[in-house]
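In what follows, a single structure is set out as structure tokens and then discussed.
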Amino acid sequence: MRKIQAEDIKPTFDIAIVVSRFNIEITEALCGGAVQRLRELGFKNECIDVVWVPGAVEIPITAQRLAKTKKYEVIIVLGAVIQGETVHMDYVCEQVSQGCQRIMLDYEIPVIFGVLTTLNEDQARERVGGSHGHKGRDAADAAYEMVSVLRQIG
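Just so we're aligned: 56 in my numbering is position 56 of the sequence shown, and the numbers increase by one with no gaps anywhere.
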């Protein structure tokens, strides 16, 4: 039996990160953690492109355009959708998650979903270096691992 799992690979491939500016305190922390982790893995700045968009809803079209270029082996999407007084969050989350999934399948490129969906800002802060870890760093690790796994599959 052959077991395929992430192995160390050279950190020389291009990665795109799409980040929502909405809830910027949280999204800057997500992006900072992702970039820091990629650098720890050995990526140089020229391998990392960060694209800022107005809000989470704009993430899928931006990720799709990046996927179309065929420049990147993986795309990380980062955002923070925090519950307000309406059900707006439900619509936003559904649009963004389904859009990113479609891009992943249509373009055969991993789209690592690092969009936080929380009930309040405190929960979001807990996920950028608090009691629930750092989801930006986790997204960077997932991106690295998925490129490794998909390269082995061929």
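Just so you know, even glycine gets a beta-carbon here, dropped at the ideal spot from N, CA and C.
If contact is defined by three or more beta carbon pairs under 8 Å, each pair taking one atom from either stretch, is the segment 110-118 in contact with the segment 35-54?
No, the segment 35-54 is not in contact with the segment 110-118.
Please give the ranges of any alpha helix (DSSP H) in the segment 92-153, keeping only runs that are unbroken, at least 4 residues long and fully inside the region.
Whole alpha helix (DSSP H) segments, 4+ residues: 121-126 and 135-153.
From the DSSP output, which residues share a beta bridge with Gly-79?
The residue you call residue 79 lines up with position 79 of the sequence shown. Answer is Val-115, bridged to Gly-79.
Closest by CA to Arg-39, which one among Glu-25, Gln-95, Thr-12 and Thr-62?
The count along the sequence shown starts at 1 and reaches residue 39 at position 39. Among Glu-25, Gln-95, Thr-12 and Thr-62, the Cα nearest to that of Arg-39 is on Thr-12.
Determine, using beta carbons only, whether Ala-139 and Leu-66 come nearer to each other than 8 Å.
On the sequence shown, position 139 is the one that residue 139 refers to. On the sequence shown, position 66 is the one that residue 66 refers to. Not closer than 8 Å, so no.
Looking at Cys-100: is its Cβ nearer than 8 Å to the Cβ of Thr-117?
Here residue 100 refers to the residue found at position 100 when the sequence shown is read from its first residue. Here residue 117 refers to the residue found at position 117 when the sequence shown is read from its first residue. Result no, Cβ atoms of Cys-100 and Thr-117 do not sit closer than 8 Å.
Report the CB separation of Ile-4 from Ile-153 in whole angstroms; it is logged as a contact under 8 Å.
On the sequence shown, position 4 is the one that residue 4 refers to. On the sequence shown, position 153 is the one that residue 153 refers to. Going by Cβ atoms, the distance from Ile-4 to Ile-153 rounds to 6 Å, so yes, they are a contact pair.
Please check the pair Ala-34 and Ile-82, which I expect to be a contact at CB under 8 Å, by giving their CB distance rounded to whole angstroms.
The sequence position of residue 34 within the sequence shown is 34, counting from 1. The sequence position of residue 82 within the sequence shown is 82, counting from 1. Not a contact, Cβ separation roughly 19 Å.
Taking buried to mean at least 16 other C-beta atoms within 10 Å of its own C-beta, is Arg-2 buried or exposed?
Walking along the sequence shown from the start, residue 2 turns up at place 2. Result: exposed.
Using C-beta distances below 7 Å, list every residue in its chain close to Ala-63, excluding the 5 sequence neighbours before and after it, in chain order.
As a working note, residue 63 is residue 63 in the sequence shown. For Ala-63, where only same-chain residues beyond five positions count, the Cβ hits under 7 Å are Val-18, Ile-75, Val-77, Cys-100, Ile-103 and Val-111.
With a Cβ-Cβ cutoff of 8 Å, do Pro-54 and Phe-22 count as a contact?
The sequence position of residue 54 within the sequence shown is 54, counting from 1. The sequence position of residue 22 within the sequence shown is 22, counting from 1. Contact: yes.
Using the beta-carbon count (16 or more within 10 Å), is Val-87 buried or exposed?
Walking along the sequence shown from the start, residue 87 turns up at place 87. So Val-87 ends up on the exposed side.
Tell me where the alpha helix (DSSP H) around Val-18 begins and ends.
Counting from one through the sequence shown, the residue named residue 18 turns up at place 18. Not the alpha helix (DSSP H): Val-18 falls in the beta strand (DSSP E), residues 15-20.
Where does Ser-20 land, buried or exposed, given buried means 16+ other C-beta within 10 angstroms?
Locating residue 20 in the sequence shown gives position 20, where the first residue counts as 1. Per the 10 Å Cβ criterion, buried.
Count the other C-beta atoms from every protein chain shown that fall within 10 angstroms of the C-beta of Leu-30, then say buried if there are 16 or more, exposed otherwise.
Residue numbering aside, residue 30 sits at position 30 when the sequence shown is read from its first letter. It is buried - the Cβ of Leu-30 has at least 16 other Cβ atoms within 10 Å.
Tell me whether Ile-48 sits in a helix, a strand or coil according to DSSP, three-state version.
Reading the sequence shown from its first residue, position 48 is the one you call residue 48. Ile-48: strand per DSSP, three-state reduction.
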